[in-house]
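Peer 1: First, the structure itself, so that you have it in front of you.
Protein chains in written order, with this note's numbering: chain U, 221 to 630; chain Y, 134 to 229.
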């Protein structure tokens with residue numbers, strides 16, 4: 221969460237999707253191409269309205285699917301345009317193939333992703349299954365805690381994307397943030413153009429100077445292109461740090477903790493830390509305050525960015541703690557939570573590893589209450605450092621009474 | 134047509150951007166199992182093989198009275214033989 225500071229920007233009460241759309245307006249994209257899907261629809265609906273009302277100058281290109289929205293963004297971005305799209309859930313899956321292409325072609329496409337579960341069964345509610353499924357696509361991934369961050373991450377996303385030549389997905393929890401109304405400082409266009417000068421692509425598709433992009437690579441060349449995506453992701457950490465510092469100077473909102481990679485709350489002297497992505501951090505802050513009021517040293521660590529993974533920042537923030545509880549809205553079926561696996565890997569070489577307990581919670585919009593988070597703090601306190609494969613993760617909200625007692629393979 | 138191999142001493146640029154037409158050196162016909170053979174006496178030069186060829190491997194010969202197949206790129210799918218209105222194209226198995 222941004223530290224509150226007075227800025228000259230206008231504060232408005234806005235719905236999450238409208239706020240993101242107005243943030244996008246301030247970056248003046250040349251091309252927006254998207255397809256509606258709940259709970260993202262409000263973003264592109266607002267953008268199409270802003271184009272129709274003549275408040276935006278670029279092109280809104282209507283398409284027949286998310287596959288073609290992403291593909292249109294690839295073509296426009298390759299031609300040198302600043303592009304934007306937005307999607308959710310199944311739409312992100314349909315974009316997955318062209319997004320891997322965008323990453324390999326090193327195109328700075330920025331997208332807002334309103335996090336939503338994936339079918340089946342059909343659900344429109346929030347969890348992180350959709351964006352985690354794109355983990356290996358070579359995209360930078362931001363996670364917003366509130367509407368202000370959902371707006372600001374889009375601006376930061378363009379700054380980073382256009383520097384490192386990689387796509388960015390800026391996620392915010394479906395309904396919890398897309399459909400909530402919050403006070404938002406909208407970036408004024410003058411400041412945005414100071415922060416984000418026009419894109420200067422190294423290569424563009426231009427008939428007068430033809431180029432081949434994304435063509436066939438032989439086995440003796442392909443590995444290097446994948447390595448380059450990996451290297452650019454790794455080195456984007458420095459670019460992210462520079463971007464959040466400049467952002468603080470220009471807009472007065474400070475995301476500079478740990479170079480923008482993670483955000484912490486009363487964690488420095490904490491014995492027990494809860495770690496989570498996205499909007500649930502707001503509830504966790506209250507639980508932390510309740511514990512602190514009782515004199516117990518509980519804190520929170522929230523990765524702002526999932527790719528590149530903030531391994532070094534997490535090692536620094538979590539090593540030496542008694543225990544860490546990871547509250548995560550995804551599972552990698554067959555082996556615990558993907559987030560927990562990565563946090564554990566990041567701490568493997570730490571001198572003083574904390575015990576770690578991961579909790580799969582809040583899938584498909586299941587509400588997570590303060591009481592439940594308190595119970596997870598208590599369970600975290602009893603976690604020991606032994607790794608027991610029989611009981612990797614905890615499902616504190618699982619309703620065992622509505623499933624069969626044993627797996628039924630018939 | 135012959136090309137210098139642009140893949141020699143290739144440096145990977147950001148996004149692996151390459152000069153135009155560089156993919157032409159990749160001869161993609163090597164795994165063909167059947168080769169189209171056009172009977173020039175039967176061919177009426179209609180160009181249906183060129184229209185339907187997914188690899189643009191069917192090309193007019195000379196002044197376009199007949200057509201030939203560029204075997205560097207033909208993958209032997211047989212669409213040309215299927216589409217030829219005068220059955221002038223026969224698919225012949227490639228020898229190992």
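All residues carry an ideal CB built from backbone N, CA and C; glycine is no exception. Owing to the predicted nature of the structure, the values given are computational and were not obtained by experimental measurement.
Starting from residue 451 of chain U, follow its DSSP beta bridges and name the residues at the other end.
Peer 2: The beta-bridge partner set that DSSP reports for residue 451 of chain U is empty.
Peer 1: Could you tell me whether the Cβ atoms of residue 552 of chain U and residue 558 of chain U are closer together than 7 Å?
Peer 2: yes
Peer 1: With 7 Å set as the bound, which would you pick, yes or no: does the beta-carbon of residue 422 of chain U sit closer than that to a beta-carbon of chain Y?
Peer 2: yes
Peer 1: So if I threshold CB-CB distances at 9 Å, which residues from the stretch 308-334 of chain U count as touching chain Y?
Peer 2: 324, 325, 326 and 327
Peer 1: Using the three-state DSSP reduction, which class does residue 325 of chain U fall into: helix, strand or coil?
Peer 2: coil
Peer 1: Select from the stretch 382-400 of chain U all residues with a C-beta closer than 7 Å to any C-beta belonging to chain Y, and list them in chain order.
Peer 2: The residues in question are 385.
Peer 1: Mind checking whether residue 373 of chain U and residue 550 of chain U have CB atoms under 7 Å apart?
Peer 2: no
Peer 1: What does the Cβ neighbour count give for residue 615 of chain U, buried or exposed, with the cut at 16 atoms within 10 Å?
Peer 2: Under a 10 Å Cβ-count criterion, residue 615 of chain U is classified as exposed, with fewer than 16 other Cβ atoms of the shown protein chains found around its own Cβ.
Peer 1: In whole angstroms, give me the CA-to-CA distance for residue 155 of chain Y and residue 425 of chain U.
Peer 2: Between residue 155 of chain Y and residue 425 of chain U, the C-alpha separation is close to 15 Å.
Peer 1: Taking Cβ-Cβ distances shorter than 9 Å, what residues in chain Y pair up with residue 204 of chain U?
Peer 2: Nothing about residue 204 of chain U can be read from this structure; chain U reaches only from 221 to 630.
Peer 1: Closest Cβ-Cβ distance between residue 156 of chain Y and chain U: below 7 Å?
Peer 2: yes
Peer 1: Grab the span of the beta strand (DSSP E) containing residue 629 of chain U for me, first residue to last.
Peer 2: Careful: residue 629 of chain U lies outside any beta strand (DSSP E) and carries neither H nor E.
Peer 1: How far does the alpha helix (DSSP H) with residue 596 of chain U in it reach, from first residue to last?
Peer 2: 590-601
Peer 1: Look up residue 402 of chain U in the DSSP assignment and give the residues it is bridged to.
Peer 2: According to DSSP, residue 402 of chain U bridges with U:234.
Peer 1: Please report whether the beta-carbon of residue 435 of chain U lies at a distance below 7 Å from any beta-carbon of chain Y.
Peer 2: Yes, contact with chain Y.
Peer 1: Cβ of residue 253 of chain U within 7 Å of Cβ of residue 305 of chain U?
Peer 2: yes
Peer 1: For residue 391 of chain U, list the residues DSSP reports as bridge partners.
Peer 2: U:333 and U:363
Peer 1: Does DSSP put residue 456 of chain U in a helix, a strand or coil?
Peer 2: helix
Peer 1: So with CB distances below 9 Å, who are the chain Y contacts of residue 445 of chain U?
Peer 2: 145, 148 and 149
Peer 1: Which residue from U:423, U:601, U:580 and U:600 puts its Cα closest to that of residue 382 of chain U?
Peer 2: U:423
Peer 1: In three-state terms, what does DSSP make of residue 180 of chain Y?
Peer 2: Correct three-state label for residue 180 of chain Y: coil.
Peer 1: In chain Y, which residues lie less than 9 Å from residue 441 of chain U when you measure between Cβ atoms?
Peer 2: Going along chain Y in sequence order, the residues near residue 441 of chain U (Cβ under 9 Å) are 140, 143, 145 and 149.
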